[in-house]
Amino acid sequence: MTDASLHSASRDSEAQFGDYFALLKPRVMTLVVFTAFVGLLAAPVPVHPFIAFCAVLFIAVGGGASGALNMWWDADIDAVMKRTAGRPIPAGKVAPEEALALGIGLSGFAVLLLGLATNWVAAGLLAFTIFFYVVIYTMWLKRWTPQNIVIGGAAGAFPPMIGWAAATGGIAVESVLMFCLTFMWTPPHFWALALFMRGDYDNAGVPMLTVTHGRKATRAHILVYTLLLAALAVAIAFTGAGGPVYLVVAVVLNALFIKGALRIWRRTEEDAEADNFAAERGFFKLSLLYLFAHFGAILVEAGLDRAGVALSLGGLL
Amino acid sequence: MNFPPEHELHQRRKGRNLGVGLVLAALIVIVFGLTYVKVTSQGFRDSATSEGAE
Chain B
-4 MTDASLHSAS RDSEAQFGDY FALLKPRVMT LVVFTAFVGL LAAPVPVHPF
46 IAFCAVLFIA VGGGASGALN MWWDADIDAV MKRTAGRPIP AGKVAPEEAL
96 ALGIGLSGFA VLLLGLATNW VAAGLLAFTI FFYVVIYTMW LKRWTPQNIV
146 IGGAAGAFPP MIGWAAATGG IAVESVLMFC LTFMWTPPHF WALALFMRGD
196 YDNAGVPMLT VTHGRKATRA HILVYTLLLA ALAVAIAFTG AGGPVYLVVA
246 VVLNALFIKG ALRIWRRTEE DAEADNFAAE RGFFKLSLLY LFAHFGAILV
296 EAGLDRAGVA LSLGGLL
Chain C
2 MNFPPEHELH QRRKGRNLGV GLVLAALIVI VFGLTYVKVT SQGFRDSATS
52 EGAE
């Protein structure tokens, strides 16, 4: 490389380490890390703390790698959406090829090291999650069907199953229930976002429910999915993953969540515009607390089990 | 002998290079730690002992 070519490559906004890190969607990663951590600790097989740390780290890196591949594929959409226009590729800080290379490299790295650190069931689940998010959701469903969020939500729901598999080497009813909880939570969470990020998805040509079926239908969908989610979330209290602490958390948060969904359902667009989508924004924030609190309660139940504190809801059934 | 002044490119990419260096150092620690835990874990010793007995 000549000196001249070095200068020609210079840009005012040259990518820094933080820009590459931003490709891994660190905010989404917090959800992945936490749910994988809960899945791993809730499993009945104790794991060495360092292996547990590495397992969660590799799951997070795998999730981040799929985020980089998502940004590589969706750079055109991200550029026209206000919410995503500042991402490293549309902002011109990172070249698409760099994001692709980083995504593929980190995917292979994460799957391989998770397999070596724990077992190949967990590694296989992580590989499938990356494939599902990048190929099934990003490349196929997202631009094709308004059910994109519903089916694609599965990708974000796998981490607790991977964490469980890292500890046990298999899949169990409890890990599938944790998957279902995140899977059912995703649609109302994203549809609330779509309601107050008005115009973003329309401009990008993404067939979100708000675009294809209208905002009134989206409000109804949020309510229906919230009711289904509440039934599932409370039912988990009576399984091996739940218990009295989880039941209290689930009842309180689902009551609040249903109240929020009902409020969204009753509102017209005029109501929403009058207060700048306060109910929709509030529901979105509550949905974040909702998921963290449910998984936090599962973690507490697992901790109580380990400590030998026998609390059972068996007699209530 | 005089060292040439640091090229502007190195200044510009200092943060990035430092980040990559730290990531690689962390990778070494992780692989070393994993190896240590695996080698000293009960399961590894059991299988080694049983192979030795055979």
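Those sequence lines, one after another, are chains B and C. Heads up, the final residue of the first sequence is numbered 312 in my numbering, and it's a clean run with no missing numbers. Heads up, the final residue of the second sequence is numbered 55 in my numbering, and it's a clean run with no missing numbers. Just so you know, even glycine gets a beta-carbon here, dropped at the ideal spot from N, CA and C.
Return the first residue and the last residue of the alpha helix (DSSP H) that residue i is part of.
{"i": "Leu18 of chain B", "result": "That residue, Leu18 of chain B, is in no alpha helix (DSSP H); it is neither H nor E in DSSP."}
{"i": "Trp186 of chain B", "result": "168 to 191"}
{"i": "Val206 of chain B", "result": "204 to 207"}
{"i": "His8 of chain C", "result": "Element bounds for His8 of chain C: n/a, residue is neither H nor E."}
{"i": "Pro239 of chain B", "result": "239 to 261"}
{"i": "Phe272 of chain B", "result": "It is not in any alpha helix (DSSP H) - Phe272 of chain B carries neither H nor E in the DSSP assignment."}
{"i": "Phe126 of chain B", "result": "115 to 126"}
{"i": "Met66 of chain B", "result": "44 to 68"}
{"i": "Gly98 of chain B", "result": "91 to 112"}
{"i": "Met76 of chain B", "result": "Counting along the chain, Met76 of chain B falls outside any alpha helix (DSSP H), and DSSP gives it neither H nor E."}
{"i": "Lys39 of chain C", "result": "15 to 41"}
{"i": "Ala225 of chain B", "result": "210 to 230"}
{"i": "Tyr315 of chain B", "result": "Missing from the structure shown is residue 315 of chain B; chain B here goes from -4 to 312 and no further."}
{"i": "Pro154 of chain B", "result": "154 to 163"}
Looking at the C-beta of residue i, does it have a partner C-beta in chain B at a distance below 8 Å?
{"i": "Gly16 of chain C", "result": "yes"}
{"i": "Gly22 of chain C", "result": "no"}
{"i": "Ile29 of chain C", "result": "no"}
{"i": "Val38 of chain C", "result": "yes"}
Report, in whole angstroms, the separation of the C-beta atoms of residue i and residue j, which I expect to be a contact under 8 Å.
{"i": "Phe62 of chain B", "j": "Leu107 of chain B", "result": "Checking the displayed sequence, the identity of residue 62 of chain B turns out to be Gly instead of Phe. That pair is no contact at about 19 Å."}
{"i": "Thr30 of chain B", "j": "Phe290 of chain B", "result": "5 Å"}
{"i": "Ala349 of chain B", "j": "Val240 of chain B", "result": "No information on residue 349 of chain B is available, as it lies outside the stretch -4 to 312 that chain B covers here."}
{"i": "Val56 of chain B", "j": "Val28 of chain B", "result": "That belief does not hold up - the Cβ atoms of Val56 of chain B and Val28 of chain B are roughly 10 Å apart, past 8 Å."}
{"i": "Phe252 of chain B", "j": "Thr221 of chain B", "result": "6 Å"}
{"i": "Leu172 of chain B", "j": "Ala236 of chain B", "result": "6 Å"}
From residue i to residue j, what does the alpha carbon distance come to, in whole angstroms?
{"i": "Trp68 of chain B", "j": "Gly164 of chain B", "result": "33 Å"}
{"i": "Val23 of chain B", "j": "Lys15 of chain C", "result": "28 Å"}
{"i": "Ala167 of chain B", "j": "Phe127 of chain B", "result": "21 Å"}
{"i": "Pro141 of chain B", "j": "Leu286 of chain B", "result": "23 Å"}
{"i": "Phe33 of chain C", "j": "Gly209 of chain B", "result": "55 Å"}
{"i": "Asn114 of chain B", "j": "Ala161 of chain B", "result": "6 Å"}
{"i": "Phe178 of chain B", "j": "Glu296 of chain B", "result": "21 Å"}
{"i": "His184 of chain B", "j": "Val24 of chain C", "result": "34 Å"}
{"i": "Gly87 of chain B", "j": "Gly151 of chain B", "result": "27 Å"}
Hey, is residue i's beta-carbon within less than 8 Å of any beta-carbon in chain C?
{"i": "Ile157 of chain B", "result": "no"}
{"i": "Phe45 of chain B", "result": "yes"}
List, in chain order, every chain C residue whose beta-carbon is nearer than 9 Å to that of residue i.
{"i": "Glu9 of chain B", "result": "Arg13, Arg14, Arg17"}
Taking C-beta pairs closer than 8 Å, name the residues in chain C that residue i reaches, listed in chain order.
{"i": "Phe12 of chain B", "result": "Gly16, Arg17, Leu19, Gly20, Val21"}
{"i": "Cys49 of chain B", "result": "Ile31, Gly34, Leu35"}
Under 7 Å Cβ-Cβ, which residues of chain C neighbour residue i?
{"i": "Ala112 of chain B", "result": "Leu35"}
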